[in-house]
Every structure is written in structure tokens, then in C-alpha cells.
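Under numbering that gives the first Met the number 0, the first residue of the sequence shown is numbered 0, with each subsequent residue one higher. Quick reminder that beta carbons are idealized off the backbone N, C-alpha and C, glycines included. Model, not experiment: these values are computed from the prediction. Notes to accompany the following structure.
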Amino acid sequence: MKNPPQDAAAKEILQQIAVLKKEREAVILAHNYQSPEIQDLADFTGDSLELSRIAAKTSAKVIVFCGVRFMAETAFILSPEKTVLLPVLEAGCTLADYATAEQVREMKKKHPDAIVVTYVNSSAEVKAETDICCTSANAVEIVRSINRDRPILFVPDYNLGHYAAKVTGRDLILWDGCCPTHALLSTFAVAKAKKKWPKAQVIMHPECKAEALELADYVGSTSGMLKYVKSQPTGTSFIVGTEAGLLHRMQKENPDKVFYVASEYLICPMMKMITLKDVKTSLEKMQHVITVEEDIRARAQAAVDAMLRYTGTVSKQPPSSVAETEFSIGMEGKDAV
Ligand code: CIZ
Numbered sequence: 000m001k002n003p004p005q006d007a008a009a010k011e012i013l014q015q016i017a018v019l020k021k022e023r024e025a026v027i028l029a030h031n032y033q034s035p036e037i038q039d040l041a042d043f044t045g046d047s048l049e050l051s052r053i054a055a056k057t058s059a060k061v062i063v064f065c066g067v068r069f070m071a072e073t074a075f076i077l078s079p080e081k082t083v084l085l086p087v088l089e090a091g092c093t094l095a096d097y098a099t100a101e102q103v104r105e106m107k108k109k110h111p112d113a114i115v116v117t118y119v120n121s122s123a124e125v126k127a128e129t130d131i132c133c134t135s136a137n138a139v140e141i142v143r144s145i146n147r148d149r150p151i152l153f154v155p156d157y158n159l160g161h162y163a164a165k166v167t168g169r170d171l172i173l174w175d176g177c178c179p180t181h182a183l184l185s186t187f188a189v190a191k192a193k194k195k196w197p198k199a200q201v202i203m204h205p206e207c208k209a210e211a212l213e214l215a216d217y218v219g220s221t222s223g224m225l226k227y228v229k230s231q232p233t234g235t236s237f238i239v240g241t242e243a244g245l246l247h248r249m250q251k252e253n254p255d256k257v258f259y260v261a262s263e264y265l266i267c268p269m270m271k272m273i274t275l276k277d278v279k280t281s282l283e284k285m286q287h288v289i290t291v292e293e294d295i296r297a298r299a300q301a302a303v304d305a306m307l308r309y310t311g312t313v314s315k316q317p318p319s320s321v322a323e324t325e326f327s328i329g330m331e332g333k334d335a336v
């Protein structure tokens, strides 16, 4: 049951946020994994690719990024003239922490011909060592677009890399990192959910382990899953194998369908750190400002822009001082990077 005093308090905070947002000329972006109240408050909700595009295009002076640190960093990388705020500084990403710039440089020495493809779930320093970034929405497309005679080092998510390798038939050099939330989803848990809801389709995120993905009817990013469920007939039910925050948006946009989370453990503690009060305080005190040192930012921007160019959007920044990467000549497919 709802608690009326709490509702009144939340309403008051929401009003204060609306006033502050106007004063600061701010836009609020929320990742699909954020808590329902944060998703409902945001101007835009999406995956990291969609939010990167919005961050690159918005005319707002301040971006309040309700997500985790690498996402706020990416927004700053694309829009250094804006103030990017991360309401909770401790909201990090365990997957991103699996790779340091130093480790990537070491791997590049071992594989000097390799194209470095880095998942956006990575630090700015790691992006700066990268040829082209990808998200879970375009990892397959990006890998497929690289000339077959070039080896590919895929950083830092083993499972996403493994999935992209399987779909494209490419032999990738994989990094030993993972998202603990997704990697913990076992085949046992998925099989149990299937037994409980036998008519439901199983949709899963490619950060899950390969053996669990074998049980899926559809594999895709959060935006891919949202599109997929929309395309299915009224009354369809789904077992959802990704962070539970996505179910809020799925149910809101598809009231005619039924969603079950594949496991009660599909909760990323980092993604759940930001509260309404944090957003208000963030706008009030203009905290926590996320910046990236210029040399690193410019190199990271080249890698993010390479991805955005490939998927049809470039950041508004003037071309970075970083030279076009030589592999661009070797790209196959549509607009070569
Ligand atoms: O790319 C993203 O935003 C992540 C972390 C997951 C997804 O599939 O949206």
C-alpha cells in the first residue's frame, strides 16, 4: 500500500527538481536500469548509445546523468562544453573496472595488428586506448564491419565479445571481464523460470553467459529487447534476462503484455544508487561534476565518434585532433568508420 506522507514528500521533491532544472537549463537522462522513480522523472530514458546521442545533441547546459560513472564520462567526452553531473559519485561499474588503460596497452603490445573494440562500459582512459567503441546494441554490427584480415581485441566484457564472435563467425581476442549481475544468471535459474511460466518467451541480454543464452528466444540490448517486445502480439508474456530496472519501462510501454524477471538477483546495486533526493541535491549544489583530462577526452572521443559515425550520429564537437584511425580504410559494410 502507498504511504501518503511519502508520496507528498516525493511530490515536493519532484516540484523542486522541476524548478532547479529550469534554473540550471538542465536535462535529466536516465539509463534503462535506473529505479522506476528516476526513469519517470527523466526527460529521456534509454540505453547508453541512445543517451550518448542525446547528450551529443542537446542544447541544455547541464546534463544530469542518472546512470553510472562511465556513462556520465561518455556524455562529457562528447560534450565538454557542458556541465555533466553524476548525482552519486560512487555509482561505478564493476565491468568497467575489469580493464585499465595500462592493461590494454600491454595487450596492444602483444597484438600490435589488432583493432581494439571497447564496450562503452569502460573508463575514459580505456576508451582513449581504443580504435572504436561499441554498445550492446551495435557490438555485432561493429565487429562485422571490421576487415576480416585484422584481429580484434574485444574489451572488457568476455560474454558480449563471445556473443559477437559467435554471431559474426569471427575469432575475437576476448578480455577476462564480466558484468556480475548478468554473468550470475544461471541456466538453472532460466530453466526454473521457463518451468514456472512455460508460455513465456525468454529474452536475454548478451552480457549473460553463453550457456544461459542458449535458452533464449531472443538476445539483444535493452533497446533491442524493447523493440522486440513491442513487435510481439498482445497478451504475449516474457521472461526477461537482464537488470530488473528494464521491466518498469517494458511494462509501462506494453500494458497489454506480461513480464517476469528471470531471477530475483538481476539487480545491479550501482544502478540503484541514485534517489530523487540525490537528483535534487545534484542540481542544487551542482554536484558531482564529471570531467576527463583533455588529452584522454580527445582520444576517447575519437573512439566514441567512430562508433557514432558508424551508427549514424556524430558528436557536435569539432573534429578531434586525433587522426582518423588507419583501420578506417579497411572497414567493410555501410559508412566505413
Ligand atoms: O548499452 C547499455 O546501455 C547497457 C549497459 C546495456 C544495454 O543493453 O542497454
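- Who are the near neighbours of V313 in its chain, counting only those whose CB is closer than 6 Å to its CB and skipping five residues on each side? Note that V313 scores a pLDDT of 45, beneath 50, so its modelled location is shaky; the value from the coordinates is reported in the next line. So the list reads D304, L307, once near-sequence residues are dropped.
- Item | With 16 other Cβ atoms within 10 Å as the buried cut-off, status of L88 | exposed
- Query: How many Å lie between S319 and V278 at the Cα?
  - Reply: Low confidence applies here, because S319 scores a pLDDT of 36, under 50, leaving its location unreliable and the question unanswered by this model.
- Message: For S122, count the other beta carbons within 10 Å of its own beta carbon; 16 or more makes it buried, fewer makes it exposed. Which is it?
- Response: buried
- Could you tell me the boundaries of the alpha helix (DSSP H) in which T99 lies? No alpha helix (DSSP H) holds T99; DSSP gives it neither H nor E.
- Item | Exposure label - E293; buried when at least 16 CB within 10 Å | exposed
- Message: Using 7 Å as the threshold, is the C-beta distance between I37 and I266 below it?
- Response: no
- Item | Any residue whose CB is nearer than 5 Å to a heavy atom belonging to the ligand CIZ, listed in chain order | D46, S47, T134, S135, S220, T221
- Query: So F43 packs on L28, CB below 8 Å; how close in whole Å?
  - Reply: 5 Å
- With which residues is H30 paired in a DSSP beta bridge? G45
- Query: Exposed or buried, which one is Y97 when buried takes at least 16 other CB atoms within 10 Å?
  - Reply: buried
- Through-space distance from E22 to Y217, alpha-carbon basis: 44 Å
- Item | Beta-carbon separation (whole angstroms), D130 vs A297, contact threshold 8 Å | D130 to A297, Cβ: 15 Å. No contact.
- Task: Measure from the alpha carbon of S58 to the alpha carbon of each residue in V115, P79, E72, C65, then state which is nearest.
- Result: P79
- Task: Sort A211, C65, G91, K56 by Cα distance to K81 and report the nearest one.
- Result: K56
- Query: A163 and A192: beta carbons closer than 7 Å?
  - Reply: no
- Task: Would you kindly report the start and end of the unbroken alpha helix (DSSP H) that includes Q286?
- Result: Premise fails: Q286 is in no alpha helix (DSSP H) and is neither H nor E.
- Message: By DSSP's criteria, D156 is part of a beta bridge. Which residues make up the other side?
- Response: G176
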